[in-house]
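S.K.:
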Ligand code: NAD
């Protein structure tokens, strides 16, 4: 028997009591989370400062605020979403009614990464609650302070038979994955995503995988250079580049490359000053292993800007490289740090060919005023989602489903798609007993002729 069977058994019993399924309980649970976030805001901010040197501004704008916005949106819409939906029935089904019920799955396991340790645990949890499920949460061991505060907050908020946190590393996660959950929601790296999917396959458990990869940015010759540079610097160096949807590398049109470089350096300095290493607002690298990995990339290509780093505090300043190729490791691995390689192009087909050398990106950002270029990129490349003339902002709206494709993940969440992810569409046909259409039966007179007329 697995070590976590007891938690699962208790949660399943609670789920079977039907408590979590009522609209009132779901709304009450969401409101409780909102209150808990308000009362723990300072503790969470302090914890993230210790774990990642994340500033109060970033903690609110990219973690707590996003979660609060998601709760508000879901509370506003949940009643409508939970109602069974009447749908049309086909001519062959005359007399019957079609209804779709959004049924909870039962007990969900939510596994999170370290880079946005509040948002990437609580946003899926909101979906699980909205869907009427119980949940076990496994936050990352690499942000221990935040995981500890989250665990205390959740246990103050909810009984363990409804929602509980299990803290621990890869071994603990493997033990959890051994159990037969009703849904797995994983955010993290591609290799661990494969482990999660393999574990899910053993029980045929449905999964959502929110993974990573190399997300390109493309700056076309007609782009608004100042805005492109500002929005790219913001999206890349926020959280020191440790963002799954950060622009990983850029393709910049040759004719504007020099002007863009000057502008992006200016905008980066405007955001973090001339000495970002000393800037209290600038996030640090999560651990020594990632710091060493990122330092290795600094030897590749040609350094255009930045590159200074301090091992004692694990900080690397915003850095720009050029003259890199797809043979360099920095262009083969997901960077996940404040290093921005820039490639140049003259024909948009080079961009399409280059992006296709890597697996499907999680995000893609195109800066252009040209509708044809926009259509060409959208029509030619497969990626999870993205923006035209911006970075990252597509994940902040609850109206757009967020997720990857291919190796960047499967399934989506945020807003309505979180509710859809954590519910099964149970389709029901309610047949009439007032009459019985004879043509479905093999002994009907001229049945075949009539069926051929109707079913074509
Ligand atoms: P990770 O895959 O190393 O860890 C994620 C979780 O899996 C953690 O809770 C960890 O304890 C657990 N884990 C680690 N190794 C395991 C193993 N061998 N078996 C079972 N469980 C294991 O990812 P990370 O380093 O925390 O996060 C960075 C990665 O996550 C990047 O690739 C990034 O792109 C991706 N990411 C994706 C999204 C998204 O929304 N798509 C968001 C953030 C991060």
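Residue numbers (the working numbering): 3 to 458.
Even for Gly, the Cβ is constructed at its ideal location relative to N, Cα and C.
This one's a predicted model, so the numbers in the text were calculated from it and none came from an experiment.
Could you tell me the alpha carbon to alpha carbon distance between residue 92 and residue 431, rounded to whole angstroms?
M.R.: 11 Å
S.K.: Cβ of residue 236 versus every heavy atom of the ligand NAD: is any distance shorter than 7 Å?
M.R.: no
S.K.: Confirm the yes/no value for this check: CB of residue 250, any heavy atom of the ligand NAD, distance under 7 Å.
M.R.: no
S.K.: Taking just the CA atoms, how far does residue 190 sit from residue 199?
M.R.: 12 Å
S.K.: Compare the C-alpha of residue 186 against each of 387, 320 and 136 and name the closest.
M.R.: 136
S.K.: Label residue 278 either buried or exposed according to how many other C-beta atoms from any shown protein chain fall within 10 Å of its C-beta, with 16 as the threshold for buried.
M.R.: buried
S.K.: Counting pairs of beta carbons, one from the stretch 227-238 and one from the stretch 201-217, are three or more of them closer than 8 Å?
M.R.: Short answer: they don't touch.
S.K.: Compute the minimum distance between the beta carbon of residue 344 and the heavy atoms of the ligand NAD, and state whether it is under 7 Å.
M.R.: no
S.K.: Which two residues bound the contiguous beta strand (DSSP E) that contains residue 255?
M.R.: 251-255
S.K.: If we ignore side chains and look at the alpha-carbon of each, how far apart do residue 220 and residue 260 end up?
M.R.: Put simply, the backbone Cα of residue 220 is about 15 Å away from that of residue 260.
S.K.: Are residue 483 and residue 251 closer than 8 Å when you measure CB to CB?
M.R.: The question about residue 483 has no answer here: the residues shown for the chain are numbered 3 through 458.
S.K.: Measure the CB-CB distance between residue 339 and residue 271 and report whether it falls below 8 Å.
M.R.: In this structure, residue 339 keeps its C-beta atom at 8 Å or more from the C-beta atom of residue 271.
S.K.: Under 8 Å Cβ to Cβ from residue 157, same chain only, skipping five residues before and after it: list those, please.
M.R.: 166 and 167
S.K.: Roughly how far, in whole angstroms, is the beta-carbon of residue 192 from the beta-carbon of residue 124, given that I think they are within contact range, below 8 Å?
M.R.: Their Cβ separation, rounded to whole angstroms, is 23 Å, which puts residue 192 and residue 124 out of contact at 8 Å.
S.K.: Give the single residue among 127, 422, 360 and 262 whose Cα lies nearest to the Cα of residue 327.
M.R.: 360
S.K.: Along the chain, where does the beta strand (DSSP E) containing residue 427 start, and where does it finish?
M.R.: 425-432
S.K.: Any heavy atom of the ligand HEM closer than 7 Å to the beta-carbon of residue 241?
M.R.: Within the structure as shown, the ligand HEM is missing, the only ligands being the ligand NAD.
S.K.: Can you give me the start and stop residues for the alpha helix (DSSP H) that residue 71 sits inside?
M.R.: 67-84
S.K.: Among all the DSSP beta bridges, which residues are the ones paired with residue 369?
M.R.: Residue 369 pairs with 221.
S.K.: Using the C-alpha atoms, what's the distance from residue 437 back to residue 97?
M.R.: 8 Å
S.K.: Using the beta-carbon count (16 or more within 10 Å), is residue 108 buried or exposed?
M.R.: It is buried - the Cβ of residue 108 has at least 16 other Cβ atoms within 10 Å.
S.K.: Output needed for residue 60: all residues of its chain with C-beta closer than 6 Å, excluding positions within five of it in sequence on either side, in chain order.
M.R.: none
S.K.: Is the stretch 67-86 touching the stretch 380-392, taking contact as three or more C-beta pairs under 8 Å?
M.R.: no
S.K.: What is the DSSP secondary structure of residue 3, counted as helix, strand or coil?
M.R.: Below a pLDDT of 50, predicted positions are generally treated as unreliable, and residue 3, at 49, falls in that range; no measurement from the model is reported.
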